[in-house]
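A.B. asks: Have a look at the structure that comes next, please.
Numbering (our numbering), first residue to last: 2 to 84.
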C-alpha cells in the first residue's frame, strides 16, 4: 500500500528530498507515520519536534489519529514567513 510524502522548507534539507513514496502498513495513522519519521535520526526527531503542519490530501490536519489509505498524500509544512 503506497502513499506520497511531500517535504517543504526545512524538511527538504533534513530529509534530503522533496518527496518520497513509502509503503505503509494497514490502519497506520498519521501520528504513527510521524513517529516512524522521528525515529529515523536525531535530525529528523529534532525537526519534527518543532512547530509544523501536516496536510492530508491538501487539507490541513488537526488530528493525528486519521488512518492513512492507499494513494494518500501527506505534506509536512514548516511555518512560513515573508514580506
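Beta carbons are placed, not taken as given, at the ideal position from N, Cα and C, and that holds for glycine.
Note that the structure is predicted; figures quoted are calculated from it, not measured.
(1) When the distance is taken between beta carbons, is residue 7 closer than 8 Å to residue 74?
(2) Is it a yes or a no for the region 18-30 touching the region 44-59, going by three-plus beta-carbon pairs under 8 Å?
(3) If you measure between the beta carbons of residue 49 and residue 4, is that distance less than 8 Å?
(4) Would you tell me roughly how many angstroms separate the C-alpha atoms of residue 61 and residue 80, rounded to the nearest one?
(5) May I have the straight-line CA-CA distance separating residue 57 from residue 66, to the nearest angstrom?
C.D. replies: Let me spell this out:
(1) Yes, the pair counts as a contact, with Cβ atoms nearer than the cut-off.
(2) Taking a cut-off of 8 Å for Cβ pairs, the region 18-30 and the region 44-59 do not touch, as fewer than three such pairs fall below it.
(3) No, the Cβ-Cβ distance between residue 49 and residue 4 is not below 8 Å.
(4) It is roughly 13 Å from the alpha-carbon of residue 61 to the alpha-carbon of residue 80.
(5) Their backbone Cα atoms lie some 12 Å apart in a straight line.
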